[in-house]
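Asker: When the letters of the sequence shown are read in order and numbered with UniProt numbering, they come out as residues 1 to 318.
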Amino acid sequence: MSERKVILVTGGSGLVGQGIKAVIEKEEKRSDEEWIFTSSKDADLTDKESTKAMFDKYKPTHVIHLAAMVGGLFKNLKYNLDFFRMNMTINDNVLCTSYETGVKKVVSCLSTCIFPDDTTYPIDEEMVHNGPPHSSNFGYAYAKRMIDVQNKAYHQQHGCHFTSVIPTNVYGPHDNFCIEDGHVLPGLMHKVYKAQKDNSEFVIWGTGSPLRQFIYSLDLGRLFVWVMREYPEIDPIILSVGEEDEVSIKDAAQMVIDGMDFTGPVVHDTSKADGQFKKTASNVKLRKYLPDFKFTPMKDAVRETCQWFKANYETARK
Ligand SMILES: NC(=O)c1ccc[n+]([C@@H]2O[C@H](COP(=O)([O-])OP(=O)(O)OC[C@H]3O[C@@H](n4cnc5c(N)ncnc54)[C@H](OP(=O)(O)O)[C@@H]3O)[C@@H](O)[C@H]2O)c1
1 MSERKVILVT
11 GGSGLVGQGI
21 KAVIEKEEKR
31 SDEEWIFTSS
41 KDADLTDKES
51 TKAMFDKYKP
61 THVIHLAAMV
71 GGLFKNLKYN
81 LDFFRMNMTI
91 NDNVLCTSYE
101 TGVKKVVSCL
111 STCIFPDDTT
121 YPIDEEMVHN
131 GPPHSSNFGY
141 AYAKRMIDVQ
151 NKAYHQQHGC
161 HFTSVIPTNV
171 YGPHDNFCIE
181 DGHVLPGLMH
191 KVYKAQKDNS
201 EFVIWGTGSP
211 LRQFIYSLDL
221 GRLFVWVMRE
231 YPEIDPIILS
241 VGEEDEVSIK
251 DAAQMVIDGM
261 DFTGPVVHDT
271 SKADGQFKKT
281 ASNVKLRKYL
291 PDFKFTPMKD
301 AVRETCQWFK
311 ANYETARK
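#1: If you measure between the beta carbons of D181 and K75, is that distance less than 8 Å?
#2: Excluding the five sequence neighbours on either side, which residues of its own chain have a C-beta within less than 6 Å of the C-beta of K52, listed in chain order?
#3: Looking at ligand 1, does it come within less than 7 Å of K41, judged from the CB to the closest heavy atom?
#4: Considering Cα atoms alone, identify which of K105, F202, P173, A68 is closest to S217.
#5: Which value, in whole angstroms, describes the spacing of the CA atoms of N169 and Q276?
#6: Looking at the strands, I want to know which residues DSSP matches up with V107.
#7: Between N176 and ligand 1, is there a pair consisting of the residue's CB and a ligand heavy atom that are separated by less than 7 Å?
#8: Would you mind stating whether E246 and T207 have Cβ atoms separated by less than 8 Å?
#9: Is C109 close to ligand 1? I mean its beta-carbon at under 7 Å from any heavy atom of the ligand.
#10: Do L188 and A252 come within 8 Å of each other at the CB atom, strictly closer than that value?
#11: State the Cα-Cα distance for the pair V103 and T263, rounded to the nearest angstrom.
#12: Report, in whole angstroms, the separation of the C-beta atoms of V192 and M298, which I expect to be a contact under 8 Å.
#13: Give the list of continuous beta strand (DSSP E) stretches no shorter than 3 residues that lie fully inside the segment 22 to 47.
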C-alpha cells in the first residue's frame, strides 16, 4: 500500500484553489490522500510563526502553494513594492517551512504574465528569466520568478522536489468579478449581468482584437492534481490550451453574451486601451506528458461560469 499523503493547499479559498477542490470532490478522490484547503483565516503566510503553526497543525506531506497577493493592471501599477515584498515573504515562508518540516513535494504557481516583455512567440518554459518583465507588474513578476530560483536552489542544496506550474488566464466559479480591477472574462460577465438587469447596452472596452489563451479553473484543477501526483521535474511546466485555441476578446465577449443569454445591444468603446496584442504560450511540454488531455470547450465552461455568477451574485467577489 502507498503511504498516506496529506496535501495542504495554500490559497485554497480562491479561484484556482476552488477549481482543484471541485475536481477532488467530484472526480479524483483517493483513499490514501487527505486534502486540506486553507485560506488567510488559517494562517497569515506573510508571518513565519503563523505559517509554521499551520504546518504543525496539519502536518502536510505535500503542498500546493497558490496563496499570493494578486490583482489587475491598476493595482499592480500602484503597488509594485507591496506585490514584491508580500509575495517574496509568503513564498519564502511557505518554501522554507516546507523544507524544515520535511514536505516531500511542493507545487507552486507562477503565471504567464511574468515572462519577459520583449520576447518571441510562442513563450515557453525556458524563457522565464530571459529579460525584464512588463514594467506595469515588475514587483509581482520578479517575486514569482524567484520561486523558480528557490526551487532550483532547494533541489541543488537539499535534494527537495519543489516545482512550479505556469497557467495562462484562469476563469471559473469563485473568481473576482470586479469590473474595474478584475481580469477580463469575469469583468465582461459582470458588465453583461448589469446591462441585462438595467436594460442597458453592453460596452466592450477596446477593439476586441487582442488574443488570449484562457483556461477553465476545473481543467486547471485536473492538471494541478496530475502535477502533484506525477510531474517529475523541478523546472516549471506551462498549463495552457494550445496556440490554436487562442481567442480574441471579441469572441470571448460573444461567449459571455451567449452564456448569459443576453439579447440587448452591444457596443465597442475603442477609446479604451487594448493592452498587449497577444501573449501566446506553448503547451508542447504539457502535450508531451499528456497528449490526450481534453480541455472543456470554452463556450461550455463560460456558460457554466456565467450561470454560477448569476446564482451566486450576492456573495461573489465583485
Ligand atoms: N487568476 C489567474 O488568472 C491566474 C493566472 C496565473 C496564475 N495565477 C496564480 O494562481 C494563484 C491563485 O490565484 P487566484 O486567482 O486563485 O487568486 P485569488 O482567487 O485572489 O485567491 C488568493 C488566495 O490567496 C490567499 N491569500 C492571500 N494572501 C494571503 C496571506 N497573506 N496568507 C494566507 N493566504 C493568503 C487568499 O485567502 P483569502 O481568501 O482568505 O483572502 C486566497 O485563498 C496565485 O499564485 C496567482 O498568482 C492566477
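For every residue, glycine included, the Cβ atom is placed at its ideal position computed from N, Cα and C.
Just so we're clear, the structure is a prediction, and the values are computed from it rather than from any experiment.
Answerer: Quick answer:
#1: Numbered from its first residue, the sequence shown carries residue 181 at position 181. Numbered from its first residue, the sequence shown carries residue 75 at position 75. Yes. Within cutoff.
#2: Locating residue 52 in the sequence shown gives position 52, where the first residue counts as 1. So the qualifying residues of the chain are T97.
#3: For the purposes of this step, residue 41 is taken as residue 41 along the sequence shown, with counting starting at 1. For ligand 1, at least one heavy atom lies less than 7 Å from the Cβ of K41.
#4: Here residue 217 refers to the residue found at position 217 when the sequence shown is read from its first residue. It is P173 whose Cα lies nearest to the Cα of S217.
#5: Position 169 of the sequence shown, counting from 1, holds the residue named residue 169. Position 276 of the sequence shown, counting from 1, holds the residue named residue 276. In a straight line, the C-alpha of N169 is about 14 Å away from that of Q276.
#6: Start at 1 with the first residue of the sequence shown, and residue 107 comes out as number 107. According to DSSP, which records beta bridges pairwise, V107 is partnered with I64, T163.
#7: As a working mapping, residue 176 is identified with position 176 in the sequence shown. Answer for N176: yes, Cβ within range of ligand 1.
#8: Counted from its first residue, the sequence shown places residue 246 at position 246. Counted from its first residue, the sequence shown places residue 207 at position 207. Going by C-beta atoms, E246 is not nearer than 8 Å to T207.
#9: Residue mapping note: residue 109 aligns to position 109 of the sequence shown, counting from 1. Yes - ligand 1 has a heavy atom lying nearer than 7 Å to the Cβ of C109.
#10: The residue you call residue 252 lines up with position 252 of the sequence shown. The residue you call residue 188 lines up with position 188 of the sequence shown. Yes, the Cβ-Cβ distance between A252 and L188 is below 8 Å.
#11: As a position in the sequence shown, residue 103 is number 103, starting the count at 1. As a position in the sequence shown, residue 263 is number 263, starting the count at 1. Cα to Cα, V103 sits roughly 52 Å from T263.
#12: Position 192 of the sequence shown, counting from 1, holds the residue named residue 192. Position 298 of the sequence shown, counting from 1, holds the residue named residue 298. Contact doesn't hold; Cβ gap of about 16 Å is too wide.
#13: 33 to 37
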